[in-house]
Amino acid sequence: MSAIEMPKANPAILSRKSEIVEALVSAIGSQAVISDPDETIAYECDALTAYRCPPLAVCLPESTAEVSRILKICSRMNVPVIPRGSGTSLAGGALPTADSVVIGVARMNRVLETDYDNRFIRVQSGITNLAVSALVGPDGFFYAPDPSSQLACAIAGNVAMNSGGAHCLKYGVTTNNLLGVKLVMMDGEVIELGGPALDAGGLDLVGVICGSEGQFGMVTEAVLKILPKPEGARPILLGFDANEVAGACVADIIRSGVLPVAMEFMDKPAIIACENFAHAGYPTDVEALLIVEVEGSEAEIAEQLETIKEIAARHNPAVMRESQSAVQSDLIWKGRKAAFGAMGQMADYMCMDGTIPTSQLPHVLKRMGEMSKEYGLGVANVFHAGDGNLHPLILFDANKPGDQEKCEAFGSDILKLCVEVGGCLTGEHGVGIEKRDLMVHQFTADDMEIQMRVKDVFDPQWLLNPAKVFPMEASHSRRHRNIGEAA
Numbered sequence: 000m001s002a003i004e005m006p007k008a009n010p011a012i013l014s015r016k017s018e019i020v021e022a023l024v025s026a027i028g029s030q031a032v033i034s035d036p037d038e039t040i041a042y043e044c045d046a047l048t049a050y051r052c053p054p055l056a057v058c059l060p061e062s063t064a065e066v067s068r069i070l071k072i073c074s075r076m077n078v079p080v081i082p083r084g085s086g087t088s089l090a091g092g093a094l095p096t097a098d099s100v101v102i103g104v105a106r107m108n109r110v111l112e113t114d115y116d117n118r119f120i121r122v123q124s125g126i127t128n129l130a131v132s133a134l135v136g137p138d139g140f141f142y143a144p145d146p147s148s149q150l151a152c153a154i155a156g157n158v159a160m161n162s163g164g165a166h167c168l169k170y171g172v173t174t175n176n177l178l179g180v181k182l183v184m185m186d187g188e189v190i191e192l193g194g195p196a197l198d199a200g201g202l203d204l205v206g207v208i209c210g211s212e213g214q215f216g217m218v219t220e221a222v223l224k225i226l227p228k229p230e231g232a233r234p235i236l237l238g239f240d241a242n243e244v245a246g247a248c249v250a251d252i253i254r255s256g257v258l259p260v261a262m263e264f265m266d267k268p269a270i271i272a273c274e275n276f277a278h279a280g281y282p283t284d285v286e287a288l289l290i291v292e293v294e295g296s297e298a299e300i301a302e303q304l305e306t307i308k309e310i311a312a313r314h315n316p317a318v319m320r321e322s323q324s325a326v327q328s329d330l331i332w333k334g335r336k337a338a339f340g341a342m343g344q345m346a347d348y349m350c351m352d353g354t355i356p357t358s359q360l361p362h363v364l365k366r367m368g369e370m371s372k373e374y375g376l377g378v379a380n381v382f383h384a385g386d387g388n389l390h391p392l393i394l395f396d397a398n399k400p401g402d403q404e405k406c407e408a409f410g411s412d413i414l415k416l417c418v419e420v421g422g423c424l425t426g427e428h429g430v431g432i433e434k435r436d437l438m439v440h441q442f443t444a445d446d447m448e449i450q451m452r453v454k455d456v457f458d459p460q461w462l463l464n465p466a467k468v469f470p471m472e473a474s475h476s477r478r479h480r481n482i483g484e485a486a
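So the sequence shown is numbered by numbering that gives the first Met the number 0: it starts at 0 and just counts up by one.
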């Protein structure tokens, strides 16, 4: 995979910058519009920092009505729009183009309604993931999806990328916990899809919007399912002398019918980095580590852990350590949640995100080790093993010529391998710019055509989040074809 191409800015739009900015200021006020080039740099990239491009302008609305006014202006003036949550996307999902307006939802962070009887909370989409559970926690509830970036990531981005997290094995990802959205279309029309009812009437368009990566509209409000907290939870650490053995253990646990709330995998480079960073008490003399957590009553926890121990014992674990206190449990998860930051202290890296059938874990882990030697680049594995959502971290030197391109080629081969064994290109990070040119490896031309027809319906001008998801040539020709037809 060569260096990722970005579309060239439209000179006609750049030449009208002052006119565009003036219209935006008139709509939402000067305090909510950023157009100074020195200040727009703060929005030039998301967490895929290898690619950067300052936008034409940035808007920071506080309400759905303001988002609607912004989109009406951009639609009328033919200006591309980049929806942005907190900018934690690892796939370049919020990367701007030079002629685009970024609409950030950071100021839209209010709770609008909480209903414990019907188990839902309605929030503006700029609220952070962790803030939702913090708000309902004192009343005995929680919001299940828990990405590693949950301290910072916004619900808007979680909906856009259908984010998951460590506990998605039992509770599912965002789409399984999203009941409804308020969506602003590109022409400024505001619609509501779904709602508090567990089974809303009409077509399941919430399922279409969740995971659509800002291609169809801007989500300004979300109705989220909240759940009663379990009676208790307890993790166990399992250390193994080989990655493949740990992978086989995961497959056997899943096959047994036991459903842990979480099952996380870390290989030796990740274990050492996390231990040095978080001092979580991880064993550093093993090749692979599993964190398996179960929940329920004390009796349920004991029964599940006993089954897991029996299964693990068949794989000769070097370490089997059950948490004995809340403090120990917190440390175990502190280490795992710090994985990406810990690896960042060691080297530059790109984090992949593919999914595979759990039965394929041993084979895929072995093949990734072989690829690492072929490319001459290190790889650290940290991922949600229970549902086969891989997060290989490919280590490289951004200052070494050719290293980034080699890293991208390595990542491309890993994702192709995921597809070959029956998985897919992404589990929770989305396609963004990172994987858009690999879409043809998973989808046929007819599959892609159907997906693009759906975008045609929601965004006929193809102004929303350009250069994402679909291959560049297809996106470019589609937009120009549609503009021509409209004319």
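The C-beta atom is built at its ideal place from N, Cα and C for all residues, glycine as well.
N- and C-terminal bounds of the beta strand (DSSP E) containing M107 = Run containing M107: none; DSSP gives neither H nor E here.
Classify M217 as helix, strand or coil using the three-state DSSP reduction.
-> M217 falls in the strand class under three-state DSSP.
Output the boundary residues of the beta strand (DSSP E) element that contains Q123.
-> Per DSSP, Q123 belongs to the beta strand (DSSP E) from 119 to 123.
In DSSP terms, what H383 is bridged to = H383 pairs with E263, N388.
Return helix, strand or coil for M0, following the three-state DSSP convention.
-> Low local confidence applies: a pLDDT of 39 at M0 is under 50, so the model's placement there is unreliable, with the coordinate-based value given in what follows. In the structure shown, M0 adopts coil according to DSSP, grouped into three states.
Starting from the Cα of L288, find the closest Cα among H278, P146, A153, D266 and give me that residue.
-> With distances taken between CA atoms, L288 lies nearest to D266 out of H278, P146, A153, D266.
Distance, Cα to Cα, A49 vs L424?
-> Their Cα atoms are separated by approximately 20 Å.
Pull up the CB-CB distance for G179 and P195, whole angstroms please, since I reckon it's below 8 Å.
-> Right, their Cβ atoms sit about 7 Å apart.
Bridge partners - C406, DSSP secondary structure assignment | Answer is none; C406 lacks a bridge partner.
Applying the criterion that 16 or more other CB atoms from any shown protein chain within 10 Å of the CB defines a buried residue, is A384 buried or exposed?
-> Buried: at least 16 other Cβ atoms inside 10 Å.
Beta strand (DSSP E) segment containing D347, residue limits = Counting along the chain, the beta strand (DSSP E) containing D347 begins and ends at 347 to 350.
Residue environment, I69, which counts as buried when at least 16 other CB atoms sit within 10 Å | Classification of I69: buried, given that the 10 Å Cβ count is 16 or more.
Is there contact here, the region 102 to 118 with the region 54 to 64, by at least three beta-carbon pairs under 8 Å?
-> The region 102 to 118 vs the region 54 to 64: in contact.
C-alpha gap between L322 and M367, whole angstroms | The identity of residue 322 in the sequence shown is Ser, whereas the question assumes Leu. C-alpha of S322 to C-alpha of M367: approximately 31 Å in a straight line.
Using DSSP with H/G/I as helix, E/B as strand and the rest coil, what is A56?
-> Three-state result, A56: strand.
Do you know offhand how far H475's Cα is from W461's?
-> Answer to the nearest angstrom: the Cα atoms are 9 Å apart.
Between N9 and chain C, is there a C-beta pair that is closer than 7 Å?
-> The structure shown contains no chain C; it is built from a single protein chain.
Own chain partners of A341 with C-beta closer than 6 Å, once the 5 adjacent residues on each side are dropped | The residues are A272, C273, F276.
Rounded separation between A486 and D35 - CA only | Reliability fails at A486, whose pLDDT of 40 lies under 50, so the model's placement of it is uncertain and no value is given.
Counting only the same chain and skipping the five closest in sequence on each side, list residues whose C-beta sits under 7 Å from that of L236.
-> The residues are L288, I290, V318, R320, I331.
Just curious, the alpha helix (DSSP H) that K71 is in, first and last residue?
-> In the DSSP assignment, K71 falls within the alpha helix (DSSP H) that extends over 63 to 75.
Taking K333 as the reference, give the member of G422, R121, C73, Q149 with the closest Cα.
-> Taking only the C-alpha atoms, the option nearest K333 is Q149.
Could you tell me the boundaries of the alpha helix (DSSP H) in which M185 lies?
-> Under the DSSP assignment, M185 falls outside any alpha helix (DSSP H); it carries neither an H nor an E label.
Sequence ranges, alpha helix (DSSP H) only - wholly within the region 308 to 364, length at least 4 | Counting only runs of 4 or more, we get 325 to 336, 338 to 343.
What residue range is occupied by the uninterrupted alpha helix (DSSP H) comprising L129?
-> Counting along the chain, the alpha helix (DSSP H) containing L129 begins and ends at 128 to 135.
Alpha carbon to alpha carbon, how far is N108 from V80?
-> Straight across, the Cα-Cα distance linking N108 with V80 is about 21 Å.
Got a sec? Which residues, its chain only, sit under 6 Å from M0 by beta carbon, not counting five neighbours each side?
-> With a pLDDT of 39 at M0, under the threshold of 50, the modelled position of that residue is not reliable, and no figure is offered here.
Specify, as a first and last residue, the run of the beta strand (DSSP E) that I253 falls within.
-> Per DSSP, I253 lies in no beta strand (DSSP E) segment; the continuous alpha helix (DSSP H) that holds it begins and ends at 242 to 255.
For V158 and C209, the rounded distance between their alpha carbons | Approximately 5 Å, taken between the alpha carbons.
Count the other CB atoms, across all protein chains shown, that sit within 10 Å of the CB of L223; report buried if there are 16 or more and exposed otherwise.
-> Classification of L223: buried, given that the 10 Å Cβ count is 16 or more.
Simplified DSSP assignment, three categories, for A155 = Residue state, collapsed to three classes: helix.
Nearest-angstrom Cα distance between V468 and K434?
-> In a straight line, the C-alpha of V468 is about 7 Å away from that of K434.
Return yes when the Cβ of S132 is within less than 7 Å of the Cβ of F119, no when it is not.
-> Their beta carbons are not under 7 Å apart, which means F119 does not touch S132 by this criterion.
From Q123 to E243, what distance separates their C-alpha atoms?
-> If you take the alpha carbons of Q123 and E243, they lie about 43 Å apart.
Helix, strand or coil for R15 per DSSP?
-> Shown here, R15 sits in coil according to DSSP, grouped into three states, outside any helix or strand.
Beta-carbon gap between D436 and P400 smaller than 7 Å | The answer is no: Cβ separation not under 7 Å.
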